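So the sequence shown is numbered by the working numbering: it starts at 159 and just counts up by one.
One structure is given below, encoded as structure tokens.
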Amino acid sequence: MVMRPGINEIMAEHMQCGFYFAFEWDRGPDWNFHQYPIPAMTIWYILDGQRMLHIGQEEYELLPGDLLVLPSQAVVTTRHAKALSEPFRYLSLGLFFTIGAIEWPEWYGIPVRMKLSRDARLTEWLESWRHLARRFSASSAESAASGEAFVGTVSAATEYLERDARFRQWLAALNRLVQPHMAQPQPRPNQRLSRICNYIRLHYAGPLTAKELASRACISEGHLRAVFRESLRMSPYQYVIHVRLSKAKQLLLTTDRTLQEISSSVGFDDLSHFISLFRRKIGVTPAHYRKRSHWSV
Numbered sequence: 159m160v161m162r163p164g165i166n167e168i169m170a171e172h173m174q175c176g177f178y179f180a181f182e183w184d185r186g187p188d189w190n191f192h193q194y195p196i197p198a199m200t201i202w203y204i205l206d207g208q209r210m211l212h213i214g215q216e217e218y219e220l221l222p223g224d225l226l227v228l229p230s231q232a233v234v235t236t237r238h239a240k241a242l243s244e245p246f247r248y249l250s251l252g253l254f255f256t257i258g259a260i261e262w263p264e265w266y267g268i269p270v271r272m273k274l275s276r277d278a279r280l281t282e283w284l285e286s287w288r289h290l291a292r293r294f295s296a297s298s299a300e301s302a303a304s305g306e307a308f309v310g311t312v313s314a315a316t317e318y319l320e321r322d323a324r325f326r327q328w329l330a331a332l333n334r335l336v337q338p339h340m341a342q343p344q345p346r347p348n349q350r351l352s353r354i355c356n357y358i359r360l361h362y363a364g365p366l367t368a369k370e371l372a373s374r375a376c377i378s379e380g381h382l383r384a385v386f387r388e389s390l391r392m393s394p395y396q397y398v399i400h401v402r403l404s405k406a407k408q409l410l411l412t413t414d415r416t417l418q419e420i421s422s423s424v425g426f427d428d429l430s431h432f433i434s435l436f437r438r439k440i441g442v443t444p445a446h447y448r449k450r451s452h453w454s455v
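Right, dumping it as structure tokens:
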């Protein structure tokens, strides 16, 4: 494939992705979630068994072959379908994936539940998912056993690069598989808004102001607020807070940094303000979020 000059840089600027975990779960007949907060956007593929899934006011009957996209921080509850108590097997993967600062499902209009066509592409994709799950479990165990000495080694860097490459291939295949289900497969983004959002995502830890953002976009502060309200249904300040808290959640789940270190690194000078704002926006304190949101999805 021939790529135009600069296309890689454009894609790198507008698309951000990575994964947190990958599992193949074999749940017992009595297993169910109850009011479980999804720690990161999570993809499920049902291999065997049935369950009813509740997300907010919606209820879905999960059957083998179903693909689900569970939003970050959605609170889910499962129960047995039709009073049947049977084992439940599924693949899961937690990730972040944004395009032009908009989350992947919202960008393309992707539903929560889909039924994919069974063909060679799906079989190959599921096998790559299983490989990611095996490597994630193995590298997590190795990292835990080796401690800090593991970080920064040549083997760790190699493992990370190989795993990241496999994840990106998996994600590209996912994007192709769900394309028939997309409500808007060819969205038309507001380029000016995308540039501002990308700037915020790169400089969220600094003292960003509406005046600075408007100046960079060559528009007035009033026009800047109108653009954000129309496209994102929030003010520029609210978006800055959203980005900072999203980064804080990533650090809480993936590092052992103290709350003070995380607070400072995402742009909050006052720890108490960070804790108060986190609790108001997320619903729990940062410490409780870290403790509660272990990988069990």
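Even for Gly, the Cβ is constructed at its ideal location relative to N, Cα and C.
Quick caveat, the model's predicted, so the values are computed rather than measured.
Classification of residue i by the beta-carbon crowding that lies within 10 angstroms, buried from 16 upward
i: Met-199; result: buried
i: Gly-441; result: exposed
i: Cys-355; result: buried
i: Ser-275; result: exposed
i: Leu-242; result: exposed
i: Pro-338; result: exposed
i: Thr-281; result: exposed
Rounded straight-line distance, which links the Cα of residue j to that of residue i
i: Val-336; j: Asp-427; result: 42 Å
i: Arg-324; j: Leu-403; result: 28 Å
i: Leu-290; j: Ala-180; result: 6 Å
i: Asp-322; j: Tyr-357; result: 24 Å
i: His-212; j: Glu-219; result: 9 Å
i: Phe-436; j: Val-401; result: 12 Å
i: Glu-320; j: Thr-412; result: 19 Å
i: Phe-246; j: Arg-209; result: 8 Å
i: Arg-279; j: Ile-196; result: 28 Å
Assigned secondary structure, residue i (DSSP; H/G/I helix, E/B strand, else coil)
i: Thr-235; result: strand
i: Ser-250; result: strand
i: Thr-311; result: coil
i: Ala-180; result: strand
i: Ile-433; result: helix
i: Pro-195; result: strand
i: Leu-242; result: coil
i: Phe-255; result: strand
i: Arg-438; result: helix
Whether residue i touches residue j by CB criterion (7 Å)
i: Leu-351; j: Val-398; result: no
i: Leu-221; j: Tyr-203; result: no
i: Val-227; j: Phe-191; result: no
i: Ser-286; j: Trp-328; result: yes
i: Phe-177; j: Leu-249; result: no
i: Met-340; j: Gly-267; result: yes
heavy atom of the ligand HEM below 6 Å from residue i C-beta
i: Ala-331; result: With respect to small molecules bound, the structure shown includes none, and the ligand HEM cannot be examined in it.
As an exercise, report each continuous alpha helix (DSSP H) stretch of at least 4 residues that is fully enclosed by the segment 331-401, in chain order. 349-361, 368-375 and 379-390
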